[in-house]
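Scroll down for the structure; my scribbles are underneath it.
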Amino acid sequence: MTQLDPNWQSDALDPSLGFFEQTLAVRGGYHRTDEGEHSEAIFATSSYVYKNAQDAADHFNGNKKGNVYSRHTNPTVRAFERRLALLENGERCVATASGMGAILTMCLAYLQAGDHLLCAKQLFGSSVALFDTYFQAFGVEVSYVDCFDNAAWAAAIRPNTKVLYCESPSNPLAQIADLQFLSELAHGHGALLIVDNCFATPVLQKPLDLGADVVIHSASKYIDGQGRVLGGALIGSDELMEKAFGVVRTGGISLSPFNAWVLLKGLETLSLRMKAHCENANQVAQFLINHPQVKAVHFSGLPTHPSHEIAKRQHNALTGVQGGAFGAIIGFEVADQASAWQVIDSTQMISITNNLGDAKSTITHPATTTHFRMTPEARMQAGVSDGLIRLSVGLEDVQDIIADLSRGLDSLAN
């Protein structure tokens, strides 16, 4: 039996005692050191010291489970991984240097030449670039379907399909995939369902509970919540995460201890922030659908959204939000690119940036920023029109957010 290094301890907080989610978000996953610190420590070290040569050999050959090198494991990173795994109801989490690092790890861990990756069309532009530019060149077949079209998913699956991948809600139209259907479809064909849960977070949605095999996060977004650091994560079973860990360990796609510490602090307030984000977003969406210069609003919290009913079923992890909890990313369309830029340029408070999930509201034009590397045809298939604006609703006073949007929208009538 592998010996456990005394510096590699189980959680200080025993989750089997039935603590509520907010308590786990504040206290879960961390083993206090002999120094007795109350706030989690940052272990700013690249390597670790052993008692003697035999002790070092036992760590390296696996006879003793413990820290070897911070590219492999780090106590601060491990605390973040444990805490996020608890919140997602997963057995294990593997942290990465960024959200795209997590998606790269997914591809390297679960795909090889000759395999088929079946994706939703509604994806972040960099994900599409990764799949089409690099993994197709490595011999992985990639195809796309509308995330909400169950029949299209079923028709597109092949004997060599190994992974079904989607964002739900999607970027930037908040489209919703039927995760229970997709999990049954994937498992019936011996494939994995992998879900990017960045927009919903485990506070609003737990894909593993809905049948997904792996959950992916760009922790740079809501988990941090203040736009400070990069980070990513994969969560799933021990078996699947061991494959992901092998990629991170060997490939060096590892999360830094400082970033892990910031993300730990973000998790402490995630539920509180998401409630406030959702409440603000519900009010902003109502303002937008009633503005005469807005052609369409893409937000699953609206009863008119085609995925509203399924969103209500899947986003059931946060209660007490007036109007329901549907996230805080809103896509809305105006006449054309010139009009979209005019609205964006007229804002005085909202930040013009491609980041999202921040305490500060942010706004961007997807066709010329986050999705500009996609062909015009691919953008249109994904619903990214030239007049589309993506808004990440922050934590400012909601009346100020609405007033800032009004500046540009009202000017379109002149």
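Residue numbers for the sequence shown follow the working numbering, so the first one is 7 and each next one is one higher. For each residue, glycine too, the CB sits at the ideal point set by N, CA and C.
When DSSP reads this structure, Asp202 sits in a beta bridge with Glu173 and Ile222. Rounded to the nearest whole angstrom, the CA to CA distance from Ile350 to Asp364 is 17 angstroms. The C-beta distance from Leu269 to Tyr228 rounds to 11 angstroms, too long to meet the 8 angstroms contact threshold.
Scanning the region 102-177 from its first residue to its last, the whole beta strand (DSSP E) runs of 3-plus residues come out as 122-126, 147-151 and 167-173. Taking every protein chain shown into account, the CB of Ile335 has 16 or more other CB atoms within 10 angstroms, so this residue is buried. Closest by C-alpha distance to Phe26, out of Glu94, Trp14, Val83 and Thr111, is Glu94. Straight through space, the alpha carbons of Arg98 and Asp244 are spaced by roughly 6 angstroms. In this structure, Thr353 sits near Gly414, with a CB-CB distance shorter than 9 angstroms. The shortest CA-to-CA distance from Leu394 to any of Ser224, Val340 and Asp403 is the one to Val340. Distance between Met280 and Ala183, taken at the CA atoms: about 21 angstroms.
With respect to the 9 angstroms criterion, Asn322 and Gln405 are not classified as neighbours on the basis of their beta carbons. At the C-beta level, Leu114 and Val253 come within 9 angstroms of one another. A direct Cα-Cα distance of roughly 17 angstroms separates Ala225 from Asn80.
Only buried fits Val290, as 16 or more other CB atoms lie within 10 angstroms of its CB. Within a 10 Å sphere around the beta-carbon of Arg164 sit fewer than 16 other beta-carbons, which makes this residue exposed. Only residues of its own chain outside the window of five on either side were considered, and among them Leu185, Val201, Asn203 and Val221 have a CB closer than 6 angstroms to the CB of Pro213, listed in chain order.
A contact is defined here as three or more CB-CB pairs under 8 angstroms, and the region 9-20 meets this definition with respect to the region 58-72.
One alpha carbon belongs to Ala103, the other to Thr82, and they sit about 14 angstroms apart. Judged by DSSP in its simplified three-state form, His304 adopts strand. Under the three-state reduction of DSSP, Glu94 is assigned to helix. Note on geometry: alpha-carbon atoms of Phe293 and Gly330 lie some 16 angstroms from one another.
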